[in-house]
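Peer 1:
Number of protein chains: 2
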Amino acid sequence: MTNLLEEKMNRQITLAARPEGFPVPEDFKLVETPIPEPGEGEVLSRTLFMSVDPYMRGRMNDRASYAANVQIGDVMVGGTVGEVIASNDPDFEVGDIVQAQIGWQAYGVSKGSNLRKVNPDLAPVSTALGVLGMPGLTAYFGLLEVGQPKEGETVLVTGAAGAVGSIVGQIAKIVGCRVVGVAGSDEKIAHVVDELGFDAAFNYKEVDDYSAELQRQCPDGIDVFFDNVGGAVSDAAFPLMNVRGRISVCGQISQYNLTAPEQGPRMMWYFISQRLTMRGFLVFDFEDQHAEALKQMAVWVNEGRIKYREDIWEGLENAPEAFIDMMRGGNVGKRVVKVAD
Amino acid sequence: MTNLLEEKMNRQITLAARPEGFPVPEDFKLVETPIPEPGEGEVLSRTLFMSVDPYMRGRMNDRASYAANVQIGDVMVGGTVGEVIASNDPDFEVGDIVQAQIGWQAYGVSKGSNLRKVNPDLAPVSTALGVLGMPGLTAYFGLLEVGQPKEGETVLVTGAAGAVGSIVGQIAKIVGCRVVGVAGSDEKIAHVVDELGFDAAFNYKEVDDYSAELQRQCPDGIDVFFDNVGGAVSDAAFPLMNVRGRISVCGQISQYNLTAPEQGPRMMWYFISQRLTMRGFLVFDFEDQHAEALKQMAVWVNEGRIKYREDIWEGLENAPEAFIDMMRGGNVGKRVVKVAD
Numbered sequence: 001m002t003n004l005l006e007e008k009m010n011r012q013i014t015l016a017a018r019p020e021g022f023p024v025p026e027d028f029k030l031v032e033t034p035i036p037e038p039g040e041g042e043v044l045s046r047t048l049f050m051s052v053d054p055y056m057r058g059r060m061n062d063r064a065s066y067a068a069n070v071q072i073g074d075v076m077v078g079g080t081v082g083e084v085i086a087s088n089d090p091d092f093e094v095g096d097i098v099q100a101q102i103g104w105q106a107y108g109v110s111k112g113s114n115l116r117k118v119n120p121d122l123a124p125v126s127t128a129l130g131v132l133g134m135p136g137l138t139a140y141f142g143l144l145e146v147g148q149p150k151e152g153e154t155v156l157v158t159g160a161a162g163a164v165g166s167i168v169g170q171i172a173k174i175v176g177c178r179v180v181g182v183a184g185s186d187e188k189i190a191h192v193v194d195e196l197g198f199d200a201a202f203n204y205k206e207v208d209d210y211s212a213e214l215q216r217q218c219p220d221g222i223d224v225f226f227d228n229v230g231g232a233v234s235d236a237a238f239p240l241m242n243v244r245g246r247i248s249v250c251g252q253i254s255q256y257n258l259t260a261p262e263q264g265p266r267m268m269w270y271f272i273s274q275r276l277t278m279r280g281f282l283v284f285d286f287e288d289q290h291a292e293a294l295k296q297m298a299v300w301v302n303e304g305r306i307k308y309r310e311d312i313w314e315g316l317e318n319a320p321e322a323f324i325d326m327m328r329g330g331n332v333g334k335r336v337v338k339v340a341d
Numbered sequence: 001m002t003n004l005l006e007e008k009m010n011r012q013i014t015l016a017a018r019p020e021g022f023p024v025p026e027d028f029k030l031v032e033t034p035i036p037e038p039g040e041g042e043v044l045s046r047t048l049f050m051s052v053d054p055y056m057r058g059r060m061n062d063r064a065s066y067a068a069n070v071q072i073g074d075v076m077v078g079g080t081v082g083e084v085i086a087s088n089d090p091d092f093e094v095g096d097i098v099q100a101q102i103g104w105q106a107y108g109v110s111k112g113s114n115l116r117k118v119n120p121d122l123a124p125v126s127t128a129l130g131v132l133g134m135p136g137l138t139a140y141f142g143l144l145e146v147g148q149p150k151e152g153e154t155v156l157v158t159g160a161a162g163a164v165g166s167i168v169g170q171i172a173k174i175v176g177c178r179v180v181g182v183a184g185s186d187e188k189i190a191h192v193v194d195e196l197g198f199d200a201a202f203n204y205k206e207v208d209d210y211s212a213e214l215q216r217q218c219p220d221g222i223d224v225f226f227d228n229v230g231g232a233v234s235d236a237a238f239p240l241m242n243v244r245g246r247i248s249v250c251g252q253i254s255q256y257n258l259t260a261p262e263q264g265p266r267m268m269w270y271f272i273s274q275r276l277t278m279r280g281f282l283v284f285d286f287e288d289q290h291a292e293a294l295k296q297m298a299v300w301v302n303e304g305r306i307k308y309r310e311d312i313w314e315g316l317e318n319a320p321e322a323f324i325d326m327m328r329g330g331n332v333g334k335r336v337v338k339v340a341d
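Next up, the structure:
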């Protein structure tokens, strides 16, 4: 540990209260604590970028789901990109850039086994939280493994301008599909159609009849439905699925901040008449294939076949607001929080 | 054609009106027509048994679904077991017992390619409409191919005492699963537990809290949910599915007679958190494996490992009532209508 570090304090965002419905700034608390020292086999990293992602909303609830929830007073969970500043693991040297899971804090220790080295020559290091990180892998496996798209098929993507949806649509174009997106602002629609090459897209906030609009934009029906959102748009998509269609359930962001469960039309009949398959997944289900997929994604990014946009907020103290605004759809592309240079 | 036949008339049940909600006897009409003569390559069969099945309700609607609908004035569709009484197909001889698709009528012609010979020494010929026919195959493929049950897993079956559900549970027992059934009468519950060997079952008409009852009967959660029914019991099953659980969607009989679509709680989140797969199917999707599966089913039946009950009504003219009563859950086991000796 250097003298410099001994003089400084760590800054953390902790969970102050469990949200009821949409999170509010008061649900979070900025605290100062001593910078931790790495134990045996551990690595101390200084956070450069922090990720804010929709899944974090689930961790704020009082019930554990597929992963443990955050306890009141605990540091918020999440992925980071940081610089190694002290290491007791021979695989990591001071100065290495690493993708870690230390959450919303300026410094943190990790077991080396929980770190992934990031090559700063490949792309901006922040992309290790986006197109070349968890969201990119989520898009890759959720589309290719779960959705099984084939050339000439129609792929519908909700949350089309988000960190995952924007990549899903572009991989589907590489496969040779017609890609239709749904998003929540005209800026997002312009982005996915004009910059990312989606074939069509619509702003659900400007459309009354989702079914009619989907029929217009998917004249040959829907073969793969990649769902990040759920709710009324999904309701309208099920009846338009083609025979042997696949539904890849990645997220249900429309439901995460509801204070009471929502009802919707039943759609199991469509599964019989159209022989549909719906499968939910987590990116961790494909962990043994992550390294290979990241290589493929890096190739596509470097070839310009996959474009990405980052939506960077500055300052660890602004992470709660960056997160809340993202949950309300404020982001275009991957939202990250820059913590240090 | 024999003189005997020339003297007689055919009797047919035709669709007289499209049902609104539950079918009523007035939706059907008994008509007499000349007995048809088989054309080139065709076979005339005299119906011994007719099948009544839930899927027929969908064919009575004004919209085609996965198969063409029945037009007003047309003979109701359905499987039959009959005796060949005239044949222009060298593969079929007078006296052969055949499983045909001639619908609700006493005589009908079929292409030979649409007939399957039935071995009367193997089992009562009526079973070609049940355990050794379409319902048995539906159970076989819907459980083994779609549900993918493994030894030690818990399988939940709705419509447990019906033609399909009763077989699903027994195949699941052969695989080595814990089998829980849901049905609509105490007689059905006694049948599936005491006679068919289900591990547990409950009468949903006598239970208020489906979730609590399912938790009691499935203490280790649900790995495979074979759904014939849909509606409120299914709603309660989704939250109890185990990680990587499979939902095999075979039928949704609770929904077939609704005059307005029903709403239910959204359950797509469970697909993510538990990584569920839901797949709907039709028995025809597995047509190339039917012959092999029927052989296996016949072995199990002859070994006494699969038991079956037939619920036989007499008289072609009673088919509408037999069908309507079956749609209301009146049957235990496979309901067929005996038309001739």
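These protein sequences, in sequence, are chains A and B. Position 1 (the first sequence) corresponds to 1 in my numbering; numbering is contiguous. Position 233 (the second sequence) corresponds to 233 in my numbering; numbering is contiguous. Don't be surprised by glycine CBs; every beta carbon is placed ideally from N, CA and C. Predicted, not measured: the structure shown is a model, and the values here were computed from it.
With 7 Å as the C-beta to C-beta threshold (strictly closer), list the residues of the region 305 to 322 of chain A near chain B in chain order.
Peer 2: none
Peer 1: Only counting runs of 4 or more residues, tell me where the alpha helix (DSSP H) segments fall wholly within the region 154 to 184 of chain B, in order along the chain.
Peer 2: 165 to 175
Peer 1: To be precise: take each residue of the region 262 to 275 of chain A, compare its Cβ to all Cβ atoms of chain B, and keep it if any distance is under 8 Å. Which residues remain?
Peer 2: 262, 263, 264, 265, 266, 268, 269, 270, 271, 272, 273, 274, 275
Peer 1: DSSP has residue 126 of chain B in a bridge; who is on the other side?
Peer 2: Beta-bridge pairing links residue 126 of chain B to no other residue.
Peer 1: Counting contacts by CB-CB distance shorter than 7 Å, is residue 1 of chain B in contact with chain A?
Peer 2: Confidence at residue 1 of chain B is low in this model, with a pLDDT of 41, below 50, so the placement of that residue should be treated as unreliable; the coordinate-derived value is given next. By the rule that beta-carbons nearer than 7 Å mark a contact, residue 1 of chain B does not touch chain A.
Peer 1: Starting from the C-beta of residue 2 of chain B, find all residues in its chain whose C-beta is less than 6 Å away, skip the five residues before and the five after it, and write them out in chain order.
Peer 2: Since pLDDT at residue 2 of chain B reaches only 46, below the 50 mark, its modelled position is unreliable, and no value is offered.
Peer 1: With DSSP as the reference, identify every bridge partner of residue 86 of chain B, one or two as the case may be.
Peer 2: Among the bridge pairs identified by DSSP, residue 86 of chain B is matched with B/44.
Peer 1: For residue 48 of chain A versus residue 81 of chain A, is the C-beta spacing smaller than 7 Å?
Peer 2: Taking 7 Å as the Cβ cut-off, residue 48 of chain A and residue 81 of chain A qualify as a contacting pair.
Peer 1: Would you call the region 192 to 210 of chain A and the region 250 to 260 of chain A in contact, with 3 or more CB pairs under 8 Å?
Peer 2: By the criterion of at least three beta-carbon pairs nearer than 8 Å, the region 192 to 210 of chain A is not in contact with the region 250 to 260 of chain A.
Peer 1: Mind listing which residues of the region 59 to 92 of chain B have their C-beta closer than 8 Å to chain A's C-betas, in chain order?
Peer 2: 65, 66
Peer 1: According to a CB-to-CB cut-off of less than 8 Å, which residues of the region 204 to 230 of chain B neighbour chain A?
Peer 2: 227, 230
Peer 1: Short of 6 Å in beta carbon distance, which residues of its chain neighbour residue 328 of chain B, apart from the five on each side in sequence? Order them along the chain.
Peer 2: none
Peer 1: Can you name, in chain order, every residue of its own chain whose Cβ lies under 8 Å from the Cβ of residue 282 of chain B, other than the five neighbours on each side?
Peer 2: 66
Peer 1: Is the Cβ-Cβ distance between residue 155 of chain A and residue 172 of chain A less than 7 Å?
Peer 2: yes
Peer 1: Within its chain, find whatever has a CB closer than 7 Å to the CB of residue 352 of chain A; leave out the 5 residues flanking it on each side and keep chain order.
Peer 2: No answer is possible for residue 352 of chain A: the residues shown for chain A start at 1 and end at 341.
Peer 1: Just the Cα atoms here: how many angstroms apart are residue 11 of chain B and residue 257 of chain B?
Peer 2: 27 Å
Peer 1: Ordered along the chain, which non-local residues of its own chain (more than five positions away) have a Cβ less than 8 Å from that of residue 296 of chain B?
Peer 2: The answer, listed in chain order, is 140.
Peer 1: Do you know offhand how far residue 64 of chain B's Cα is from residue 193 of chain B's?
Peer 2: 38 Å
Peer 1: Quick one: grab the DSSP three-state call for residue 334 of chain A.
Peer 2: strand
Peer 1: Could you tell me the distance, in whole angstroms, from the CA atom of residue 39 of chain A to the CA atom of residue 124 of chain A?
Peer 2: 30 Å
Peer 1: Whose Cβ in chain A lies nearer than 8 Å to the Cβ of residue 279 of chain B?
Peer 2: The CB of residue 279 of chain B comes closer than 8 Å to the CB of 271, 275, 276, 277, 278 in chain A, given here in chain order.
Peer 1: Have a look at residue 106 of chain A and residue 134 of chain A and give me their C-alpha separation to the nearest angstrom.
Peer 2: 20 Å
Peer 1: Buried or exposed, going by whether 16 or more other CB atoms sit within 10 Å of the CB of residue 237 of chain B?
Peer 2: buried
Peer 1: Let me check understanding here. Comparing Cα to Cα, which of B/84, B/104, B/101 lies closest to residue 95 of chain B?
Peer 2: B/84
Peer 1: Taking Cβ positions only, does residue 12 of chain A come closer than 7 Å to chain B?
Peer 2: no
Peer 1: Using a 10 Å radius around the Cβ and a threshold of 16 neighbouring Cβ atoms, would you call residue 98 of chain B buried or exposed?
Peer 2: buried
Peer 1: On a Cα-Cα basis, can you pick out the residue from A/229, A/137, A/114, A/206 that is closest to residue 160 of chain A?
Peer 2: A/229
Peer 1: Assign residue 2 of chain B to one of three DSSP states: helix, strand, or coil.
Peer 2: Bear in mind that the predicted position of residue 2 of chain B carries a pLDDT of just 46, short of 50, making it too unreliable to give a figure here.
Peer 1: Grab the span of the alpha helix (DSSP H) containing residue 271 of chain A for me, first residue to last.
Peer 2: 268 to 273
Peer 1: Taking 7 Å as the CB-CB limit, is residue 252 of chain A close to chain B?
Peer 2: yes
Peer 1: Tell me which residue opens and which closes the beta strand (DSSP E) that residue 265 of chain A is part of.
Peer 2: 263 to 265
Peer 1: Could you have a look at residue 259 of chain A and say whether DSSP puts it in helix, strand or coil?
Peer 2: coil
Peer 1: What are the residues of the region 132 to 144 of chain B that lie near chain A, defined by any Cβ-Cβ distance shorter than 8 Å?
Peer 2: Sequence-ordered contacts of the region 132 to 144 of chain B with chain A are nonexistent [C-beta pairs closer than 8 Å].
Peer 1: Are the C-beta of residue 157 of chain A and some C-beta of chain B separated by less than 7 Å?
Peer 2: no
Peer 1: Quick one: what does DSSP say residue 200 of chain B is sitting in, helix, strand or coil?
Peer 2: strand
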